[in-house]
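Remarks on the structure that follows.
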Amino acid sequence: MTIYGHRHSHHATTADHPPLDNAPRVPRNITHSRINNFLADGGQFHGMGIHRGLWKLRQSGPPHVALKVYSVPDLKRISFKDAVSQEFKDFRLGQHNFGPSWSTHWFHVAIVIPKELDGQQVVLDWDMGCEGMVWSTDGVPLQGLTGGSDQARHNFIVTRKAASGEKFKFYIEAACNGMFGVGANDAMVADPNRYFNLDRADLVVANEPIQKLYHDLSIIRGIACDTDQDSPRARKALWVANEVINNFIGDDEKAIQACLDLTHEFLNAKNGTGQHQITAIGNCHIDTAWLWPYDETKRKIARSWSSQLDLIERYPDYVFTGSQVQQYEWLKELYPALFDKIQKIEKGGQWEIIGGSWVEHDTNMPSGESLCRQMLLGQRFFEKHFGKRTRVFWLPDSFGYSAQLPQVLRESGCDYFFTQKLSWNNINKFPLSTFWWTGIDDTKILAHLTPAETYTASVTASEVYKCAKNHHDIESSNESLLVYGHGDGGGGPTPEMLERLQRMRNVDGLPTVKPGSATKFFEGLEKNSDRLQSYKGELYLEFHRGTYTSQALVKRGNRKGEVIIRDVEILATTAKLFSNQNGSDYSYPTDDINRLWKLLCLNQFHDCLPGSAINLAYVDVHKFHRQVISESSLLRHKSQSFLIAKRSTDTSSHGDKENQGVIVFNTLPWSRSEAIVSPEKGTRWSNQQWKGEYEYLLVENVPGLGASGYVEHAKDFKSVSKEKAAYGLFILENTRLKATFDADGQLVELIDKSSNRGNLIPKGSRGNVLQLYEDVPTYWDAWDVEIYHLQKYVELKGQKKMQIVSSGPLKAELCFKHKISDVSTIEQTISLSCIGDRLEFDNLVDWNESHQFLKVEFSWDIVTDYATYDIQYGVVRRPTHYNTTIDSAKFEVCGHKFADMSESNYGIALINDCKYGYATHGKTQRLSLLRAPKGPDEHADMGQHKFKYAIYPHQGNFTSSNVMQAALEFNTPLSIRHAKGKHLDSGEIVPSLFTIDGSHQIIIDTIKLAEDDQGKGKQVILRLYEAYGGKSSAILKSHLKITQIRVSNILEDDTHAVLEEKEGGFLVTLRAFQILTLKVDLN
1 MTIYGHRHSH HATTADHPPL DNAPRVPRNI THSRINNFLA DGGQFHGMGI
51 HRGLWKLRQS GPPHVALKVY SVPDLKRISF KDAVSQEFKD FRLGQHNFGP
101 SWSTHWFHVA IVIPKELDGQ QVVLDWDMGC EGMVWSTDGV PLQGLTGGSD
151 QARHNFIVTR KAASGEKFKF YIEAACNGMF GVGANDAMVA DPNRYFNLDR
201 ADLVVANEPI QKLYHDLSII RGIACDTDQD SPRARKALWV ANEVINNFIG
251 DDEKAIQACL DLTHEFLNAK NGTGQHQITA IGNCHIDTAW LWPYDETKRK
301 IARSWSSQLD LIERYPDYVF TGSQVQQYEW LKELYPALFD KIQKIEKGGQ
351 WEIIGGSWVE HDTNMPSGES LCRQMLLGQR FFEKHFGKRT RVFWLPDSFG
401 YSAQLPQVLR ESGCDYFFTQ KLSWNNINKF PLSTFWWTGI DDTKILAHLT
451 PAETYTASVT ASEVYKCAKN HHDIESSNES LLVYGHGDGG GGPTPEMLER
501 LQRMRNVDGL PTVKPGSATK FFEGLEKNSD RLQSYKGELY LEFHRGTYTS
551 QALVKRGNRK GEVIIRDVEI LATTAKLFSN QNGSDYSYPT DDINRLWKLL
601 CLNQFHDCLP GSAINLAYVD VHKFHRQVIS ESSLLRHKSQ SFLIAKRSTD
651 TSSHGDKENQ GVIVFNTLPW SRSEAIVSPE KGTRWSNQQW KGEYEYLLVE
701 NVPGLGASGY VEHAKDFKSV SKEKAAYGLF ILENTRLKAT FDADGQLVEL
751 IDKSSNRGNL IPKGSRGNVL QLYEDVPTYW DAWDVEIYHL QKYVELKGQK
801 KMQIVSSGPL KAELCFKHKI SDVSTIEQTI SLSCIGDRLE FDNLVDWNES
851 HQFLKVEFSW DIVTDYATYD IQYGVVRRPT HYNTTIDSAK FEVCGHKFAD
901 MSESNYGIAL INDCKYGYAT HGKTQRLSLL RAPKGPDEHA DMGQHKFKYA
951 IYPHQGNFTS SNVMQAALEF NTPLSIRHAK GKHLDSGEIV PSLFTIDGSH
1001 QIIIDTIKLA EDDQGKGKQV ILRLYEAYGG KSSAILKSHL KITQIRVSNI
1051 LEDDTHAVLE EKEGGFLVTL RAFQILTLKV DLN
């Protein structure tokens, strides 16, 4: 007999009642160490611990386990059908290793049950150190496998009751990457040459009594060590665990039963009725890309969700939730058998669809319409394939939450919001757990931040205890959500977690825990909670602030993609409506638009757009952004060509003269006048100014949401001066502004001629000051810029490279080129047009730095306690001081197109075309331009960058200004087409599709055909918003034949509200920052 322990002797005098203990009392810390050693899976005392006895039988190698392998060449990921048609070669453990990183190896596994395992549940114990998936021979994924010790999933049940000689065959698809990719160091940079060994492929049988004892002890140990150690239950738990070790003999059934009697007696003590109530929901947070590319995620989904489907069959009370609609669509396309299973199980309540958005996206940087499309795409998919929408918005891992989200979510069918990320704050602790989150328009949504402070819990006593201890609102809401399961790389809950959950349902010393859905949890909050606090505005994450700037090319691709796809929808809608009116043929590109929106939304995943993924992931991200922009350009060109061609056939000719010129399309809802560059080489239409071979032209009064023609002829233009003043200063000046620069390109004077404020730059200060900061965070390289970076920087000056480029009369330009360092340069062109009200800075940077942060700084003669930042469909105000740690924690913040500093009667906005990071303190504004992190993408941001920013001074404070319009114009260029022919004439070519009369505060953003219109052009969706923070009314007008306009929502539902007809249009009234979706029915 092999003895793993010794018979228990009390050293007690049993003649006494109660008995006299003659052994010394063991100090608590020593007992803790003893218990930890006994439960450890490794270490020098492993042979004396419980892990040694978890499995009682083991067989390996042929004939019982025969392996063949096919290694897929060229790092391809092939289908099951392709894989099984290949030639497989015999393989034995230790024969060779497998790699390199990202390669795939298919194993054929043939099993013959040995006599010793007859009648037993037989498990394959497989550990290759990497991820894998078990397939049936008919091509159905059965379960995922995770090798190694981190988030391990080694066991696959071959049969629940084996018969001697019985044969089984299946395949294992092994992927040469771990759960967290192939990172080589703490920077998480992918190692392209990782290799993996198949260490185990054994048939094993569980020692069920010892496994049950192990699960019991894990709970008892948690109560003893991870709750209040001075409580009676914790002290009793410590005693029980110690007694179990004293009684334990690994191969003695009576001894094991005695141990189980001890644990059962302890765990059968029930809770009181007032205990904290926990709902436990399984999940496997799968980053859609992070330390792996999109294509590997597609396999992670199948591995993770097939494992959960298996557990759902084994544990009838288990409830699992899966988010990210893109992942469901991938599963439907690539693994239809799994998708079909999920559809069926969801109806029974064990699988909960959740989230509603296309991916778990970043919410700081996507535009307002992007937030809407995330929900529209997601909820419509759920409705189509599951017959329902989700009410729970699920975003546990994004890096802060926009103040406009509550309204977007409510308008998208969501009543509840779940996250936990604010627990990562590194300066201030977020003060609430269950609360009403209130957006900038006063929309409220019920929110819960799990007090367990994780979305990858393991169902331990420590986590359960933490739910009660950390709950900030337990007096008014005695419930919390425990979100458990291996995550980030997927995987999800394991059988061990579910065993612990069963044992902790109702145990004295712990809160009550029950499995359940997130939706029912939130419904319980509504029913059972008392008065809850409200939190107004953004949920700012005091961490990961570098993500507003990392991967600048991705930020640029996102902004440019959002702008051009908006152009496509407006122009395609215009073309379709025009074709309906004229009986011509134009096909609205519904499928193309949806496909491009899906790609754009996919790239907004919370590790892609923020810049925190590996280099390999960004190969796809950049490819998809290029695809969105290039295909959108073609679609826009097609709709414009249709409008131009149909206009020419409908317009009478003005004689036989062949005119040529430009047709200018304006997709913003107000008329615009700008200096543009001709799309045609060598013209002399205006005969005033050229940029190389291309002529500058002035186009005036291009109609909003329309187009105008401009025929070659000269006009009398006001000029813009550009001169070199005394003392080496350079001046740009028009009728509105005068800007003076020194030879380094720094702005020393800015005069607004419409005001009497004098120099807008304070004495002794400068603007356009380029600064280079040392950027070394404490750990998370691509994610973080830390508060101390502001203490160490250099100014880029002293090179005196300013030159005059052009002198007008339409646009004056200055240019300088600076060396940032020995390996990086910046070339900047500063310009002012003859009618311009903003000063523009066009930049070309060759960037090859390491852990440096490039910013530009402006100081203004403005006194204000706050700055106003553009966000989705509105703005937020943030302090310009460091009075409290909450204020100073916002040393780097996110904004979209502008940040504005205003007094009561005057202000200045800093506008950009593709940046998101800002820092404002006192009179100083900084725009974050480029970072240079070295992990997890070792090449992040290296290379060439183009970006623009501008200065826009304005009368009045922000709310009475046109800052939003100026920023939209800066980001939405006029679209210019060369045209020639007898039909070409000056003036309106395409009339304004819609106009807003009576309010500059209400802006039309989106114009598209309704989702259910099927491209017919009978129903148009408009999305408007109030931009400045005050209730406003206006008249919506159109030349279209409108039968009625109904109020809808982001999901385009019908409502009973209809707009009132008034003054030749329709009356619209919006509250502050309201998003209003309208459904326009056309005759």
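Number 879 in UniProt numbering belongs to position 879 of the sequence shown; there are no gaps in the numbering. Cβ atoms here follow ideal geometry from the backbone N, Cα and C, with glycine treated the same way. Note that the structure is predicted; figures quoted are calculated from it, not measured.
So who's on the other strand from residue 167, going by DSSP bridges?
In DSSP, residue 167 forms a bridge with 112.
Would residue 19 be called buried (16 or more neighbouring beta carbons within 10 Å of its own) or exposed?
Residue environment for residue 19: exposed (fewer than 16 other C-beta atoms within 10 angstroms of its C-beta).
Leaving out five residues on either side along the sequence, give the residues of the same chain with a beta carbon under 7 Å from the beta carbon of residue 13.
So the qualifying residues of the chain are 19, 20 and 22.
Under the three-state DSSP convention, the category residue 10 falls into:
Looking at residue 10 - three-state DSSP - the assignment turns out to be coil, as it is neither helix nor strand.
Where do the ends of the alpha helix (DSSP H) carrying residue 127 lie?
Per DSSP, residue 127 lies in no alpha helix (DSSP H) segment; the continuous beta strand (DSSP E) that holds it begins and ends at 122-127.
Could you pull the start and end residues of the beta strand (DSSP E) that residue 141 belongs to?
Segment 141-146, the beta strand (DSSP E) holding residue 141.
Between the CA atoms of residue 999 and residue 653 - distance to the nearest angstrom
With a pLDDT of only 49 at residue 653, under 50, the local geometry of the prediction cannot be trusted, and the value read off the model is given with reservation. Rounded to whole angstroms, residue 653 to residue 999 spans 38 Å at the Cα level.
Using beta-carbon positions only, say whether residue 996 and residue 1006 come within less than 8 Å of one another.
Remark: C-beta atoms of residue 996 and residue 1006 do not approach each other more closely than 8 Å.
Three or more beta-carbon pairs under 8 Å between the region 281-291 and the region 594-613, yes or no?
With contact defined as three or more Cβ pairs closer than 8 Å, the region 281-291 and the region 594-613 are in contact.
Backbone secondary structure at residue 606 - three-state DSSP
Coil at residue 606, not helix or strand.
Is it the case that the region 1063-1079 contacts the region 437-454, given that we only count it when at least three CB pairs across the two stretches are under 8 Å?
The region 437-454 makes contact with the region 1063-1079: 3 or more CB pairs, one atom from each, lie closer than 8 Å.
In the DSSP assignment, what are the bridge partners of residue 615?
DSSP lists no partner for residue 615.
With 16 other Cβ atoms within 10 Å as the buried cut-off, status of residue 92:
Answer is exposed; the Cβ neighbour count stays below 16.
Residue 906 - partner residues in DSSP beta bridges:
In DSSP, residue 906 forms a bridge with 955.
Based on Cα-Cα distance, which residue from 1061, 1013 and 1001 lies nearest to residue 1033?
When 1061, 1013 and 1001 are compared, the shortest CA-CA separation from residue 1033 is found for 1001.
Could you give the uninterrupted runs of the alpha helix (DSSP H) lying entirely in the region 334-373, keeping only those of 4 residues or more?
Contiguous alpha helix (DSSP H) elements confined to the region 334-373 occur at 336-348, taking only those with 4 or more residues.
Can you give the beta carbon distance from residue 155 to residue 134, rounded, assuming they're within the 8 Å contact cut?
Not confirmed; about 11 Å, so no contact.
Within this structure, are the beta carbons of residue 930 and residue 937 separated by less than 8 Å?
Not a contact, by the Cβ cut-off of 8 Å.
At 4 residues or longer, and completely inside the region 238-285: list those alpha helix (DSSP H) runs for me, N to C.
Counting only runs of 4 or more, we get 253-267.
Is it true that the region 592-601 meets the region 263-270, where meeting means three or more beta-carbon pairs spaced less than 8 Å apart?
Touching, no.
DSSP has residue 62 in a bridge; who is on the other side?
Its beta-bridge partners do not exist; DSSP assigns none.
If you run the structure through DSSP and keep just helix, strand and coil, what is residue 289?
Three-state result, residue 289: coil.
Quick check on residue 743: does DSSP put it in helix, strand or coil?
DSSP places residue 743 in coil when its eight states are reduced to three.
Where the alpha helix (DSSP H) through residue 515 begins and ends
Unbroken run through residue 515 is the beta strand (DSSP E), 512-515; no alpha helix (DSSP H).
Is residue 599 helix, strand or coil when you go by DSSP?
Under the three-state reduction of DSSP, residue 599 is assigned to helix.
Candidates 219, 837 and 768: closest to residue 843 by CA position
When each option's Cα is compared against that of residue 843, the closest is 768.
Report the partner residues of residue 672 according to the DSSP bridge assignment.
Answer is 702, bridged to residue 672.
Kindly indicate the opening and closing residues of the alpha helix (DSSP H) around residue 563.
Residues 552-582.
Can you name the residues that DSSP bridges to residue 659?
Paired residue(s): 981.
Since residue 109 contacts residue 169 with CB under 8 Å, what's their CB separation in whole angstroms?
Yes, residue 109 and residue 169 are in contact; Cβ-Cβ is about 7 Å, under 8 Å.
With burial defined as no fewer than 16 other Cβ atoms inside 10 Å of the residue's Cβ, what is the status of residue 1038: buried or exposed?
Result: buried.
Please state if the CB of residue 343 and the CB of residue 318 are separated by a distance shorter than 8 Å.
Residue 343 is positioned such that its CB atom lies no closer than 8 Å to that of residue 318.
Please state whether DSSP places residue 188 in a helix, a strand or coil.
DSSP places residue 188 in coil when its eight states are reduced to three.
By the DSSP assignment, the alpha helix (DSSP H) with residue 967 in it spans what residues?
Taken as a continuous stretch (DSSP letters only), the alpha helix (DSSP H) holding residue 967 covers 963-971.
Can the beta-carbon of residue 284 be found closer than 8 Å to that of residue 486?
For the pair residue 284 and residue 486, the CB atoms are nearer than the 8 Å cut-off.
Proximity winner among 685, 673, 675 and 677, relative to residue 659 (alpha-carbon distances)
Comparing Cα positions, the closest option is 685.
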